[in-house]
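Just so we're aligned, residue 53 is where the sequence shown starts under my numbering, counting upward by one.
Scroll down for the structure; my scribbles are underneath it.
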Amino acid sequence: MLKISMLLMILCSQFTLVATHANTVHHPTPKDPLYVSKDLYTTLKKALPLPPKMGSSAQKRDEKTLTDLQNTRRPENCEAAKNEVFVSLKSFYGKPHGPLDEGRLTKLSPFFEQVRNDADYFIQRLKKDFPRQRPFLYMASLTPCVPREVTGAYPSGHAVLSKLFALILADFDSKTRDQLETRSIEIGKHRVLSGMHHPSDVEAGRALALLIYDELKKSQKYQEDFAQAFKTLAQ
53 MLKISMLLMI LCSQFTLVAT HANTVHHPTP KDPLYVSKDL YTTLKKALPL
103 PPKMGSSAQK RDEKTLTDLQ NTRRPENCEA AKNEVFVSLK SFYGKPHGPL
153 DEGRLTKLSP FFEQVRNDAD YFIQRLKKDF PRQRPFLYMA SLTPCVPREV
203 TGAYPSGHAV LSKLFALILA DFDSKTRDQL ETRSIEIGKH RVLSGMHHPS
253 DVEAGRALAL LIYDELKKSQ KYQEDFAQAF KTLAQ
């Protein structure tokens with residue numbers, strides 16, 4: 053009887069570990085950036101404001117927005133947020149939510165994966181230097197409706213990458229600029245309503261995207277790869 057009880061305890065513990073792992077997101081560790089120098093990190097860190105302190109008026113505004121969005125979110129909002137958890141050109145800007153069809157996704161994705169890596173190199177370092185808990189970790193009223201992230205909250209990587217992708221995609225086709233911007237804002241909102249980020253995490257991420265974009269535009273290697281992707285897109 054004791055052996056059976058022990059076996060059941062082991063099986064239950066294994067199930068818990070699997071279930072916990074299945075509901076947790078582990079993003080790939082980025083490699084060193086290709087298009088910009090690692091030294092850019094110092095500039096980005098200085099440019100990024102400190103996240104709001106606990107108890108501050110800005111922090112209270114963040115918490116109120118989080119609570120309000122959770123109270124008004126609908127199942128379809130959470131479903132959309134789940135589809136955006138893993139960052140890719142397709143999940144952000146593929147049809148029907150973005151302007152890219154399968155053909156253009158296939159041609160552009162390798163270039164955007166390199167952009168994602170370069171930006172994520174700085175995002176992950178900043179998260180460690182600006183340690184801010186995810187809101188669901190300390191707000192008992194929040195129930196995340198997407199798999200939970202293991203990294204810090206500040207800045208929002210999804211906000212950085214959705215804004216950065218939008219800026220670059222608009223360089224390929226300026227007519228889609230407004231649609232891309234609207235979509236990037238939507239992705240940021242989904243991160244808040246799902247309980248993954250504070251609004252100020254998203255704001256910082258969007259500001260960071262502009263800084264990284266400006267640096268990418270100065271890179272000769274980036275310009276060469278952009279031109280090649282543009283040429284491939286026209287074929």
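In this text, a Cβ means the ideal position worked out from N, Cα and C, and glycines have one as well.
Asked	Found
Ile175 and Pro199 closer than 9 Å at C-beta	no
Selected residue, minimal CA-CA separation from Leu194, among Met248, Ile264, Ala281	Met248
CA-to-CA distance, Ser109 to Gln185, given in whole angstroms	17 Å
Where Glu233 sits in the DSSP three-state scheme	helix
Pairwise C-alpha distance: His210 and Tyr190	21 Å
Length-filtered (3 minimum) beta strand (DSSP E) runs lying within the segment 91 to 144	none
Helix, strand or coil at Arg177 according to DSSP, with G and I counted as helix	helix
Rounded separation between Gln287 and Gln231 - CA only	24 Å
N-terminal and C-terminal residue of the alpha helix (DSSP H) that Gln272 is part of	272 to 286
Pairwise C-alpha distance: Phe278 and Pro183	34 Å
Between the CA atoms of His149 and Leu263 - distance to the nearest angstrom	26 Å
Exposure label - Ala99; buried when at least 16 CB within 10 Å	exposed
Nearest-angstrom Cα separation, counted from Gly107 out to His79	31 Å
Top-ranked residue by Cα proximity to Gln280, from Lys142, Lys116, Asp91, Ser161	Ser161
Distance CB(Leu219)-CB(Tyr265) smaller than 9 Å	yes
Beta-carbon proximity check, Leu285 vs Phe188, cutoff 9 Å	no
Arg258 vs Val212 beta-carbon contact at 9 Å	yes
Nearest residue (CA-CA) to Ser246, options Asn169, Lys269, Val167, Arg126	Arg126
Same chain, Cβ closer than 7 Å to Leu132, five either side skipped, listed in chain order	The amino acid occupying residue 132 in the given sequence is Ala; Leu does not appear at that position. His242, listed in sequence order.
Inter-residue Cα distance where the pair is Asp120 and Lys83	38 Å
Residue nearest to Glu267 in terms of C-alpha spacing, selected from Thr81, Val77, Leu92, Leu157	Leu92
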